[in-house]
Structures are given as C-alpha cells and as structure tokens.
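Each residue of the sequence shown is one higher than the one before, counting from 1 in the UniProt record's numbering.
Single-structure report; data block below.
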Amino acid sequence: MEKAADYTQRLLKIGARAYKSMGQNFLISDEVIESIVSASKLQPGVPLVEIGPGLGVLTRMLALNVPKMWAVELDNHKISLLKRELEGLPVEIVHQDALKLDLKDLWGEKKGYLVGNLPYYITSPLIMHFLEQEDCLSGMTIMVQKEVADRIAALPGSKAYGILSIAVQISAMVTKIRDVSPKEFWPAPKVTSAVIRLDLRPYPEFEVDKRDFFRVVKAAFSQRRKTLGNSLAGGLGLKKEEVIKRMEESGISYTRRAESLSIEEFQVLTKAFKQLFLEK
C-alpha cells in the first residue's frame, strides 16, 4: 500500500484540493495513522464511522480492520475521488453534514465507534453532537487542535479546565494518545494537533438533572475572574445573599473560583440551588 505522503501527492497531481473554507488539512504521516488505528481498538463486531475522510488516506487503513464501515464527507468534490480510490474496500461513502448525522441511521440500535480528523472550526459542536448519541456510541478516537485536547483533558485547578472539560468528562473517559506537529499534514496548519480517545460511560454516581447541572456550570464560568459567589449570582440572576447562604449550606466557599471545583462539587451546588430552580 502506498505511503500516506505518496498517496496524497498522487491525488494532488490529478486535481485534488484542500479547501481552507472547510478546514481541510490532509494527514500524510503513516506513523500518526498507525497511532489512530491502534488507539481505536477496532473490533469486527463493532460498527465504525469515520468523520471527514478527506482523500481517504486514513480510511484505507481503517477499512482493513473491519468488515464494513461508513465514511461521512461533506465536500462534494471528494465523493467521486473517495469512491474511486476506495473501490474494493468495505466502505460506504455518506455525503452529509456530520453535524446532522444520526448514528442510528447507519447501524440501528448497536453501539459503534467513531474516528475522525475533525475540522477545527466546528470541533466542539461535533464532539457534543456525538456525545449526545451515547446510546449508540461506545467511543471515539479523534484528532483535534492541541489546545482543545488540553481543555478536554484538563483537571480542576488548571487554567485549561472549563465548561468543555466538564461536558466531555461527564460522558467519557479521556485519554491523550499523542501530539501531532503541523508537518504531519498537507497543507501544514498553523497549530499543533493532538489525538485523543474518548471512552463513553455513565459518570459514576451522577445524581442531578443535567440541564440544572449545566445551568450552574455555565453560570460559574460566566465571569472567570470573579469569585464563585459573584459569578453564580450574576449568571443565575439571583441575589448574592441567597447564593452565599446556599453555598455555605453546601459546604463550598463562595470565594472559590469556578476552575477549582470538581464535577462532584458542581453536583453539590446543583442540589443546593435545585429548589430555587423549581421556584423560578
């Protein structure tokens, strides 16, 4: 099989293009491709979908490990190219916007796996779109901007920790696989990338309504430079005195900062404010 760089150069010579408007950067590193395939722990009985196959350089390797897979591509310039280059492999090309993709339309009630080099301009919406389909997804191995990977994996107390960290971690275990330098792509992006694996699972002892939970989380991070008490009062539209009272009853100091709280502590706060949510 052609090396990734040779494969890409061959297709570029016959007219393939990377469209900046769609955030296209083609992976040309065999080593990174092997890392993604290995991290994905592909199994014959688990359905597989790739988001954004581009020229199909990763798709070729993924298809060798499964009896059937889907590749979802929005760029209509790439559809005929993919069909030609992947002929004979067990790949079904789906011409669709991944943000509108319902995984049940691909494999029904089964739990499948997702792999993708996600466009950086819609990374977070894509991740959340698929995490919301946890009933039919067991995990993901994805390439994202390193800064986003750091935010996803961040722990309480770090500057990178925030709403995205919490939103992903309540749905999945996060494992960082490797960093990927710009030179591993054509054209080279201006930023370093990273491969991460998300293993979906219910968060242990998550006991509050998610809608109420995220009201509290978003309010807490709405003014990061302020104390938690001030941020919650402003973000939830409550009197500061009422907020401080509830926080004291919960055992969490109103002078703390949002980035210092664990998911468990945010649950405690959600319970503390639950009655106020019901009253409003």
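Backbone N, C-alpha and C define an ideal beta-carbon position, used for all residues, glycine too.
Practice task
Decide if R201 is buried, meaning its Cβ has at least 16 other Cβ atoms within 10 Å, or exposed.
Solution key: exposed
Problem - C-alpha distance - L12 paired with F26, whole-angstrom precision - result: So the alpha carbons of these two residues sit roughly 11 Å apart.
Problem - Closest by C-alpha distance to K111, when choosing among E92, M140, I93 - result: When only C-alpha atoms are compared, the closest one is M140.
Problem - Straight-line gap, L276 to I163 (C-alpha atoms, nearest Å) - result: 22 Å
Problem - For L82, the nearest candidate out of E50, Q145, N65 (CA to CA) - result: E50
Problem - Continuous beta strand (DSSP E) stretch holding L42: start and end - result: It is not in any beta strand (DSSP E) - L42 carries neither H nor E in the DSSP assignment.
Exercise for the section: Measure the CB-CB distance between A194 and K159 and report whether it falls below 7 Å. Expected result: It is not a contact, given that the beta carbons lie outside the stated cut-off.
Problem - Cβ-Cβ distance between A71 and P53 below 7 Å - result: yes
Problem - For M143, the nearest candidate out of C136, L126, A154, V46 (CA to CA) - result: L126
Exercise for the section: Report the residue from L62, R151, Q267 whose alpha carbon sits nearest the alpha carbon of P204. Expected result: Q267
Handout entry: Span separating the alpha-carbon of L106 from that of V94
Key = 10 Å
Problem - For D135 and E249, the rounded distance between their alpha carbons - result: Between the alpha carbons of E249 and D135 lies a distance of about 36 Å.
Exercise for the section: Provide the residue span of the alpha helix (DSSP H) that contains M22, from first to last. Expected result: Careful: M22 lies outside any alpha helix (DSSP H) and carries neither H nor E.
Practice task
Kindly indicate which three-state DSSP category K146 falls into: helix, strand or coil?
Solution key: helix
Handout entry: Spatial distance of P90 from A63 (CA atoms)
Key = 6 Å
Handout entry: Backbone CA spacing between K78 and L86 [nearest angstrom]
Key = Their backbone Cα atoms lie some 12 Å apart in a straight line.
Exercise for the section: Give the straight-line distance between the Cα atoms of E259 and A154, rounded to the nearest whole angstrom. Expected result: Here the alpha carbons of A154 and E259 stand approximately 10 Å from one another.
Practice task
Would you mind working out which of E73, S80, E34 sits nearest N65, comparing C-alpha positions?
Solution key: E34
Exercise for the section: Determine the direct distance from the alpha carbon of M173 to that of R225, and round the result to whole angstroms. Expected result: 28 Å
Problem - N-terminal and C-terminal residue of the beta strand (DSSP E) that L198 is part of - result: For L198, the enclosing beta strand (DSSP E) begins and ends at 193–200.
Exercise for the section: Could you tell me which residues DSSP puts in a beta bridge with A71? Expected result: E50, I93
Problem - C-alpha gap between K274 and M61, whole angstroms - result: 49 Å
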